[in-house]
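Undergrad: Handing you a structure now.
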DNA sequence: ACGGTGAACCAAAACATAATTGGTTCGCAA
DNA sequence: TTGCGAACCAATTATGTTTTGGTTCACCGT
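Protein chains in written order, with the numbering used here: chain B, 1132 to 1376; chain H, 1132 to 1376.
Have a look at this one:
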């Protein structure tokens, strides 16, 4: 009797998350499929998945499935209709306004459980072969932080911005702005954000989030300048917001 | 041959709209039902309905039906959805996060025309008696500032928050928080905001907007304390946000 | 020849039904 | 007792049918 333990299944699933090619929707196989694939009983599979979910790497929904990252808020239909015409740079500017405040609120309200999940997402080492994957885990952390601000209107506003990332010409933008070094920088900034949140330091969280977003925005500007087609004056960095205090 | 003309059907439908106890956005009979009820051909019914629709009394949607009044805009629909679960204090907190940044952007982007319009709104002397009117002009100024930030996602987000004024227990809140002195204070703060925007001073505009919102929030807290029913600890002022450097 | 009628057809939205999926319980057996 | 499998439950999606406004067209009466 070759017993497959929850630890084994856990390793199997985490491997799939890190190395395997996730579907576009970040959807994982069903519990029954995992059970069949690993030879473990469904109970064991559920134990493994539950532990991974508690860590914050996946989320599950009855009738829907199991997914990598963090859940999207279900504003879907209306949000898509509203945000049809948003320019990427506009969206980033809006995020620069809202997300630092969200991080500040989050610092005063996140539970230790939630902070632990943030650490798991911030410290993730994944194969960076695919832009989609990078975006998946990045957005998961940001989404989790937004949720922990515990302010529904704000979260809805953030979701409005978050939804636009998935659509349209963001894809090409991502491919150009990502690099080995910028990835390392992003991870360092994520860690700084979570550290501030864990410390309950609202001001530090706000500033860390600002730094992070400013870095990303400037990367976008530089990518646009390299591409050359759009934005004639995009070689200037986005700093007129730095008059903050 | 007793022909029923479009005019006849029109009168029939308008009568239904006026006398009948139809709420706003109530559903009307289908075109086929109208046709059967009036004896007119469907074409005639459609002519009549089209004229009524052009007047703005009804709206139609393929597959959905014919409805009284004007269709709900998607943003308003989302706002209504939020209002079912969001507390007024949550909304004010969200505004406290977003609006100062909007004011800062506005200070760098508003044209002189727009500033002139802001002055007109800020200097308006309105009667304290009528809460509705007070709220209307206050909302108008804030919306104008949001528009001048020239960022559609941000403007949408603000509209989402501002729409909540129209609904539910916001009414009672208004009546309790408004007074002769608070009205004067509000006007002074409005003027300070517009002055900073006119000067192009982003930091000053941000701070002026913060002050204004904090004042309003504390007024709400005090009103809640007076009402006594809700929020046991509402006698403390809302200041844990004041750590803002 | 003209205009209206009724029927048929199209597309969008709602409604109803079946299938899928995570969550839960229970009997059975090692 | 513990763990497994099966069945069942509830939420969600997928699919098909019906309803409804929008459109086209052959036909009839004047």
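For each residue, glycine too, the CB sits at the ideal point set by N, CA and C.
Using a Cβ-Cβ cutoff of 8 Å, what residues of the stretch 1342-1355 of chain H are near chain B? List them in chain order.
TA: none
Undergrad: In chain H, which residues lie with their C-beta within 7 Å of the C-beta of residue 1285 (chain B)?
TA: Indexing the first chain from 1 puts residue 1285 (chain B) at position 154. Near residue 1285 (chain B) (Cβ distances below 7 Å), the residues of chain H are 1225 and 1228.
Undergrad: Over the uninterrupted beta strand (DSSP E) stretch that includes residue 1197 (chain B), give me the two end residues.
TA: Here residue 1197 (chain B) refers to the residue found at position 66 of the first chain. Note, residue 1197 (chain B): beta strand (DSSP E), 1196-1199.
Undergrad: Report the neighbours of residue 1213 (chain B) on chain H: residues whose CB is nearer than 8 Å to its CB, in chain order.
TA: Within the first chain, residue 1213 (chain B) is the residue found at index 82, counting from 1. Those within 8 Å of residue 1213 (chain B) in chain H are 1205, 1206, 1209 and 1287.
Undergrad: Helix or strand or just coil, what does DSSP make of residue 1188 (chain B)?
TA: As a working mapping, residue 1188 (chain B) is identified with position 57 in the first chain. Residue 1188 (chain B) falls in the coil class under three-state DSSP.
Undergrad: Report the residue ranges of all alpha helix (DSSP H) runs contained in full by the stretch 1207-1281 of chain H; include only those spanning at least 4 residues, in chain order.
TA: 1219-1240, 1243-1253 and 1262-1279
Undergrad: So, does the stretch 1338-1350 of chain B touch the stretch 1314-1325 of chain B, judging by three or more C-beta pairs under 8 Å?
TA: yes
Undergrad: Per DSSP, what kind of secondary structure is residue 1147 (chain B) in: helix, strand or coil?
TA: For the purposes of this step, residue 1147 (chain B) is identified with residue 16 of the first chain, where counting begins at 1. In the structure shown, residue 1147 (chain B) sits in a helix (DSSP, three-state: H, G or I).
Undergrad: For residue 1192 (chain B), which of B:1162, B:1186, B:1267 and B:1166 has the nearest alpha-carbon?
TA: Here the question's residue 1192 (chain B) lines up with position 61 in the first chain. The option with the nearest alpha carbon to residue 1192 (chain B) is B:1162.
Undergrad: I'd like to know whether the C-beta of residue 1216 (chain H) is nearer than 9 Å to at least one C-beta of chain B.
TA: Looking up residue 1216 (chain H) in the second chain gives position 85. Closer than 9 Å: yes.
Undergrad: Please go through the stretch 1331-1359 of chain B and give each complete alpha helix (DSSP H) segment of 4 or more residues, from N-terminal end onward.
TA: 1333-1358
Undergrad: I'd like to know if residue 1161 (chain B) contacts chain H, where contact means its C-beta is closer than 9 Å to some C-beta of that chain.
TA: Position 30 of the first chain, counted from the start, is the residue given in the question as residue 1161 (chain B). Cβ-Cβ to chain H under 9 Å: no for residue 1161 (chain B).
Undergrad: Since I believe residue 1201 (chain B) is in contact with residue 1274 (chain B) (beta carbons under 8 Å), could you give me their beta-carbon distance rounded to a whole number of angstroms?
TA: On the first chain, residue 1274 (chain B) is found 143 positions in, with the first residue counted as 1. On the first chain, residue 1201 (chain B) is found 70 positions in, with the first residue counted as 1. Yes, residue 1274 (chain B) and residue 1201 (chain B) are in contact; Cβ-Cβ is about 4 Å, under 8 Å.
Undergrad: Please check the pair residue 1140 (chain B) and residue 1169 (chain B), which I expect to be a contact at CB under 8 Å, by giving their CB distance rounded to whole angstroms.
TA: Position 9 of the first chain, counted from the first residue, corresponds to residue 1140 (chain B). Position 38 of the first chain, counted from the first residue, corresponds to residue 1169 (chain B). That pair is a contact at about 5 Å.
Undergrad: Using the DSSP secondary-structure output, state which residues sit across from residue 1159 (chain B) in a beta bridge.
TA: On the first chain, residue 1159 (chain B) is found 28 positions in, with the first residue counted as 1. Residue 1159 (chain B) is bridged to B:1197.
Undergrad: Distance cutoff 9 Å, beta carbons only. Does residue 1324 (chain H) sit that close to anything in chain B?
TA: Position 193 of the second chain, counted from the first residue, corresponds to residue 1324 (chain H). Answer no: the Cβ-Cβ gap between residue 1324 (chain H) and chain B never drops below 9 Å.
Undergrad: Using a cut-off of 7 Å between C-beta atoms, extract the partners of residue 1291 (chain B) located in chain H.
TA: Counting from one through the first chain, the residue named residue 1291 (chain B) turns up at place 160. Per Cβ cutoff of 7 Å: 1284, 1287 and 1288.
Undergrad: Short of 7 Å in beta carbon distance, which residues of its chain neighbour residue 1178 (chain B), apart from the five on each side in sequence? Order them along the chain.
TA: Reading the first chain from its first residue, position 47 is the one you call residue 1178 (chain B). Within the same chain, Cβ atoms closer than 7 Å to the Cβ of residue 1178 (chain B) are found at 1137, the five residues on either side in sequence being excluded.
Undergrad: Less than 8 Å between the CB atoms is what I'm expecting for residue 1291 (chain B) and residue 1284 (chain H), so what's the real figure, rounded?
TA: If you number the first chain from 1, residue 1291 (chain B) lands on position 160. If you number the second chain from 1, residue 1284 (chain H) lands on position 153. With a Cβ gap of about 6 Å, residue 1291 (chain B) and residue 1284 (chain H) count as contacting.
Undergrad: Can you give the Cα-Cα distance for residue 1367 (chain B) and residue 1219 (chain B), rounded to whole angstroms?
TA: Within the first chain, the letter at position 236 stands for residue 1367 (chain B). Within the first chain, the letter at position 88 stands for residue 1219 (chain B). Note that residue 1367 (chain B) scores 47 on pLDDT, short of 50, meaning its location in the model is unreliable; the coordinates nonetheless yield the value given after this. For residue 1367 (chain B) and residue 1219 (chain B), the distance between alpha carbons rounds to 17 Å.
Undergrad: Residue 1221 (chain H) touches chain B at which residues, Cβ-Cβ below 7 Å?
TA: Working through the second chain from its first residue, we reach residue 1221 (chain H) at position 90. Residues of chain B passing the Cβ test: 1282, 1283 and 1284.
Undergrad: Have a look at residue 1154 (chain H) and residue 1276 (chain B) and give me their C-alpha separation to the nearest angstrom.
TA: For the purposes of this step, residue 1154 (chain H) is identified with residue 23 of the second chain, where counting begins at 1. For the purposes of this step, residue 1276 (chain B) is identified with residue 145 of the first chain, where counting begins at 1. CA-CA distance, residue 1154 (chain H) to residue 1276 (chain B), rounds to 42 Å.
Undergrad: Could you check the C-alpha separation between residue 1251 (chain H) and residue 1348 (chain B) for me, to the nearest Å?
TA: Here residue 1251 (chain H) is taken as the residue at index 120 of the second chain, counted from 1. Here residue 1348 (chain B) is taken as the residue at index 217 of the first chain, counted from 1. If you take the alpha carbons of residue 1251 (chain H) and residue 1348 (chain B), they lie about 36 Å apart.
Undergrad: Going by the CB atoms, is the gap between residue 1330 (chain H) and residue 1234 (chain H) shorter than 9 Å?
TA: Translated into the one-based positions of the second chain, residue 1234 (chain H) becomes position 103. Translated into the one-based positions of the second chain, residue 1330 (chain H) becomes position 199. A distance of 9 Å or more separates the beta carbons of residue 1234 (chain H) and residue 1330 (chain H).
Undergrad: Do residue 1240 (chain H) and residue 1279 (chain H) have their C-beta atoms closer together than 9 Å?
TA: Position 109 of the second chain, counted from the start, is the residue given in the question as residue 1240 (chain H). Position 148 of the second chain, counted from the start, is the residue given in the question as residue 1279 (chain H). In contact: residue 1240 (chain H) and residue 1279 (chain H) (Cβ atoms closer than 9 Å).
Undergrad: Does the Cβ of residue 1338 (chain B) have 16 or more other Cβ atoms within 10 Å, making it buried, or fewer, making it exposed?
TA: Taking the first chain and counting its residues from 1, one reaches residue 1338 (chain B) at position 207. Residue 1338 (chain B) should be labelled buried.
Undergrad: Along the chain, where does the alpha helix (DSSP H) containing residue 1313 (chain B) start, and where does it finish?
TA: For the purposes of this step, residue 1313 (chain B) is taken as residue 182 along the first chain, with counting starting at 1. Its alpha helix (DSSP H) spans residues 1311-1329.
Undergrad: Is DSSP giving residue 1176 (chain H) helix, strand or coil here?
TA: Taking the first residue of the second chain as position 1, residue 1176 (chain H) is located at position 45. Helix.
Undergrad: Just the C-alpha distance for residue 1194 (chain B) and residue 1188 (chain B), rounded to the nearest angstrom, thanks.
TA: Sequence index remark: in the first chain, residue 1194 (chain B) carries index 63 (1-based). Sequence index remark: in the first chain, residue 1188 (chain B) carries index 57 (1-based). About 19 Å.
Undergrad: Return yes when at least one heavy atom of the ligand PLP lies under 8 Å from the C-beta of residue 1145 (chain B), else no.
TA: Summarising the ligand content, the structure contains no ligands, and the ligand PLP is consequently not present.
Undergrad: Between H:1351, H:1226, H:1332 and H:1303, which has its C-alpha nearest residue 1101 (chain H)'s C-alpha?
TA: This structure cannot settle anything about residue 1101 (chain H), because the visible part of chain H is limited to 1132 through 1376.
Undergrad: Taking 8 Å as the limit between beta carbons, can you name the residues of its chain near residue 1147 (chain H), skipping five residues before and five after?
TA: Your numbering for residue 1147 (chain H) matches position 16 in the second chain. Taken in chain order, the residues that qualify are 1153 and 1159.
Undergrad: From residue 1255 (chain H) to residue 1210 (chain H), what does the alpha carbon distance come to, in whole angstroms?
TA: Here residue 1255 (chain H) corresponds to residue number 124 of the second chain, with the count starting at 1. Here residue 1210 (chain H) corresponds to residue number 79 of the second chain, with the count starting at 1. Spanning the alpha carbons of residue 1255 (chain H) and residue 1210 (chain H) requires a straight line of approximately 28 Å.
Undergrad: Would residue 1228 (chain H) and residue 1156 (chain B) qualify as a contact pair, given that the criterion is a beta-carbon distance under 9 Å?
TA: For the purposes of this step, residue 1228 (chain H) is identified with residue 97 of the second chain, where counting begins at 1. For the purposes of this step, residue 1156 (chain B) is identified with residue 25 of the first chain, where counting begins at 1. Taking 9 Å as the Cβ cut-off, residue 1228 (chain H) and residue 1156 (chain B) do not qualify as a contacting pair.
Undergrad: Just reading off the alpha helix (DSSP H) that residue 1290 (chain H) is part of, what are its end residues?
TA: On the second chain, position 159 is the one that residue 1290 (chain H) refers to. Per DSSP, residue 1290 (chain H) belongs to the alpha helix (DSSP H) from 1283-1293.
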